[in-house]
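Student: In the working numbering, the protein residues as written are 126 to 437.
Got a structure for you, questions after.
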Amino acid sequence: MELDNQTFQTEFLLLGLSEPGPWQAVLFPVCFCIYLAGLVGNLLLVFLVITDSHLDTPMYFFLGNFSFLEICFTSVTVPRLLANTLASMKAISLPGCLLQVYFLHSMGCTECFLLAIMAFDRYLAIHRPLHYSTVMTRRLCVTLAATTWIACLLYSSLHSVILSQLSFCRRSQEIHHYFCDIPALLQAACSDVSLGKSVLHVAGTVVVVCPFAWTLLSYVLILAAILHIRSAQGRAKAFSTCTSHLTMVLLFYGTVSIAYVRPQRSCCSEMDRLVSLLYTIVTPTLNPVVYSLRNKEVKGALKSLLSRADRS
Numbered sequence: 126m127e128l129d130n131q132t133f134q135t136e137f138l139l140l141g142l143s144e145p146g147p148w149q150a151v152l153f154p155v156c157f158c159i160y161l162a163g164l165v166g167n168l169l170l171v172f173l174v175i176t177d178s179h180l181d182t183p184m185y186f187f188l189g190n191f192s193f194l195e196i197c198f199t200s201v202t203v204p205r206l207l208a209n210t211l212a213s214m215k216a217i218s219l220p221g222c223l224l225q226v227y228f229l230h231s232m233g234c235t236e237c238f239l240l241a242i243m244a245f246d247r248y249l250a251i252h253r254p255l256h257y258s259t260v261m262t263r264r265l266c267v268t269l270a271a272t273t274w275i276a277c278l279l280y281s282s283l284h285s286v287i288l289s290q291l292s293f294c295r296r297s298q299e300i301h302h303y304f305c306d307i308p309a310l311l312q313a314a315c316s317d318v319s320l321g322k323s324v325l326h327v328a329g330t331v332v333v334v335c336p337f338a339w340t341l342l343s344y345v346l347i348l349a350a351i352l353h354i355r356s357a358q359g360r361a362k363a364f365s366t367c368t369s370h371l372t373m374v375l376l377f378y379g380t381v382s383i384a385y386v387r388p389q390r391s392c393c394s395e396m397d398r399l400v401s402l403l404y405t406i407v408t409p410t411l412n413p414v415v416y417s418l419r420n421k422e423v424k425g426a427l428k429s430l431l432s433r434a435d436r437s
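The structure is reproduced here in structure tokens:
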């Protein structure tokens, strides 16, 4: 009972991205501006998908889901990072830490599967254009998106259950990171973590590798279908619809695989924190930029919105 009370009263000190020094003065405005840019950009994409009838297609339905997900994903970690940058005390309670891990990994899981669904959607649109509208119905799109969100929320419960069983021998634990994550909690625990570490590593690898394999297969089939298109203009048009999504796939999976799939020699190194910064802040901010710069429909919807605003 004494150990349980001690564990429950444990708090963690999130030491942030860097040691105290001149970088701290630069850290807050830079992270705040990147976060705000991503928030505004993704909110704008969600608004365009909801309000513009030209974007009422399966591809943009999933893009709207993806942009909303990016808002949630960054909001799990960045507000705490900004608050801790200004605060002298950087403590977070154990329940708060577990809650952050829960939402972080449920959002990450959802992103993996949404990227896979979006790749399959592009495959159907290019390889089966005549059957696309009958297969990718609104009902199927809603079902796929809802199933992904719910399943990943349930999957993340596995992390919470395993991590909640850990014992921490000190009431105050330092974490050399700007958010709570599984490797840091496992390293801070004083109980046996071998089984939990193995289960979480296998589960995390499956959640990353399986959707990535599906995404990779979809793009192999997409490439094969594009090569069978006779006209150069048709090939260019088909490929342009996929480049934005492929860019986001490479950015997201590249950073996540470095953070979670590679063997962990040490937790919370400078490399870990830098990689985490990329997939929790930078990549979600690039999402609206990547999708709008090469997308005529999104640019057209944005111009239409601006023209309506000018007339009013």
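Each residue gets a CB set at the ideal place from its N, CA and C atoms; glycine is no exception.
Look at the Cβ atom of I159, then the Cβ atom of V381, and state whether they are nearer than 8 Å.
Tutor: No, Cβ-Cβ distance for I159 and V381 is not below 8 Å.
Student: Smallest Cα separation from V374: which of G166, L224, M261, A241?
Tutor: Cα-wise, what sits closest to V374 is A241.
Student: Could you compute how far the alpha carbon of R436 sits from the alpha carbon of K428?
Tutor: Taking the straight line from one Cα to the other gives about 12 Å.
Student: How long is the line joining the alpha carbons of S289 and V332, rounded to whole angstroms?
Tutor: S289 and V332: Cα-Cα distance of roughly 21 Å.
Student: What number of angstroms, rounded off, separates the C-alpha of E422 from the C-alpha of Q312?
Tutor: Straight-line Cα distance between these residues: approximately 48 Å.
Student: Secondary structure at I354, three-state DSSP: helix, strand or coil?
Tutor: In this structure, I354 counts as coil in the three-state DSSP scheme.
Student: Taking C-alpha atoms, which residue in D181, I175, F186, S200 lies nearest to A162?
Tutor: Minimum Cα distance to A162 is reached at S200.
Student: Sort S285, S417, C335 by Cα distance to N167 and report the nearest one.
Tutor: Among S285, S417, C335, the Cα nearest to that of N167 is on S417.
Student: Under 8 Å, with one C-beta from each stretch per pair, do the stretch 260-270 and the stretch 182-199 reach the 3-pair mark?
Tutor: Verdict: yes, contact present.
Student: Around the C-beta of K424, are 16 or more other C-beta atoms found within 10 angstroms, so that it is buried, or is it exposed?
Tutor: Its Cβ having fewer than 16 others within 10 Å, K424 is exposed.
Student: Return the chain-ordered ranges of every beta strand (DSSP E) run that is complete within the stretch 199-249 and spans a minimum of 3 residues.
Tutor: Correct list: 216-218.
Student: Quick one: give me the first and last residue of the beta strand (DSSP E) that L139 is part of.
Tutor: First-last of the beta strand (DSSP E) with L139: 136-139.
Student: So R219 packs on E136, CB below 8 Å; how close in whole Å?
Tutor: The sequence given here places Leu at residue 219; Arg does not occur at that position. Contact flag correct, Cβ pair sits at about 7 Å.
Student: Taking all protein chains shown into account, decide if Q358 is buried (16 or more other Cβ within 10 angstroms of its Cβ) or exposed.
Tutor: Exposed, because fewer than 16 other Cβ atoms sit within 10 Å of the Cβ of Q358.
Student: So, with DSSP's three-state summary, where would you put Q312?
Tutor: Three-state result, Q312: helix.
Student: Note down the Cα distance separating L169 from S292, rounded to an integer number of angstroms.
Tutor: Looking at the two C-alpha atoms, the distance is approximately 44 Å.
Student: Between C156 and V226, how many whole angstroms is the CB-CB distance? I'm expecting something under 8 Å.
Tutor: Between V226 and C156 the Cβ distance is about 20 Å, and since that is not below 8 Å, they are no contact.
Student: Spell out the partners DSSP gives E195 in its beta bridges.
Tutor: Answer by DSSP bridge pairing: none, since E195 is not bridged.
Student: Rounded to the nearest angstrom, what separates T405 and V345 at their Cα positions?
Tutor: Distance between the alpha carbons of T405 and V345 is about 28 Å.
Student: Helix, strand or coil for S417 per DSSP?
Tutor: Three-state result, S417: helix.
Student: Residues in its own chain within less than 7 Å of I196 by CB, not counting five upstream and five downstream?
Tutor: Excluding residues within five positions, the ones whose Cβ falls inside 7 Å are L164, N167, L168.
Student: Suppose you measure from the CA of R253 to the CA of V171; what does that come to, to the nearest Å?
Tutor: Cα-Cα distance, rounded: 27 Å.
Student: In terms of alpha-carbon separation, which member of C367, D317, L278 lies closest to F245?
Tutor: Taking only the C-alpha atoms, the option nearest F245 is C367.
Student: State the Cα-Cα distance for the pair G221 and S285, rounded to the nearest angstrom.
Tutor: Each residue's alpha carbon lies about 11 Å from the other.
Student: Could you tell me the alpha carbon to alpha carbon distance between L278 and L320, rounded to whole angstroms?
Tutor: Distance between the alpha carbons of L278 and L320: 22 Å.
Student: Tell me whether S369 is buried or exposed, calling it buried when 16 or more other Cβ atoms sit within 10 Å of its Cβ.
Tutor: It counts as buried.
Student: Thinking just about the alpha-carbon of each residue, which of L411, S323, A276 is nearest to the one in H230?
Tutor: Residue A276 is the option with its Cα nearest to H230.
Student: Would you grab the beta carbon distance between P409 and F198 for me? Rounded to a whole angstrom, and I think it's under 8 Å.
Tutor: Contact flag correct, Cβ pair sits at about 6 Å.
Student: Under the three-state reduction of DSSP, which class applies to T132: helix, strand or coil?
Tutor: Here T132 scores only 46 on pLDDT, less than 50, and its place in the model should not be relied on; the value that follows carries that caveat. If DSSP states are grouped into helix, strand and coil, T132 belongs with the helices.
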